[in-house]
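Q: The letter at position 22 of the sequence shown is residue 22 when you use UniProt numbering, and the numbering goes up by one with no holes.
Glycine is no exception: its CB is placed at the ideal position from the N, C-alpha and C atoms.
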Amino acid sequence: MTKEKRQEIIAEFQRKEGDVGSPEVQVALLTGRITELTEHMKKNKKDYSTSRGLIAMVNNRKKLLRYLNSENHAAYIEITDKLKIRR
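Structure representation (structure tokens):
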């Protein structure tokens, strides 16, 4: 992921100026990386180390979404709709 793309994602999902650690931002950044790695895995089916990292990222995103759902259900609904993530 390029630095510019990363900054765009942060600017779109941050709660306030300078926010890079909120669950919304973390989920959005992980979704970007997951999308890129999914494309990589379609071309390189036997890249097992990347596959392992991809699974770890998906699990981390799942945990963050579960936390966000319990803390702020409206934000959870909004971010899953924006990023087109199944609930």
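Look up residue 89 in the DSSP assignment and say whether it is helix, strand or coil.
A: This structure gives no information on residue 89, because the portion of the chain shown stretches from 1 to 87.
Q: In or out: residue 61 buried (at least 16 other Cβ within 10 Å) or exposed?
A: The residue labelled residue 61 in the question sits at position 61 within the sequence shown. Residue 61 is buried by the Cβ-count criterion.
Q: Given a threshold of 16 other Cβ atoms within 10 Å of its Cβ, counted over all protein chains shown, does residue 79 qualify as buried or as exposed?
A: The sequence position of residue 79 within the sequence shown is 79, counting from 1. Label assigned to residue 79: buried.
Q: Taking all protein chains shown into account, decide if residue 76 is buried (16 or more other Cβ within 10 angstroms of its Cβ) or exposed.
A: By one-based count along the sequence shown, residue 76 stands at place 76. Buried, because 16 or more other Cβ atoms sit within 10 Å of the Cβ of residue 76.
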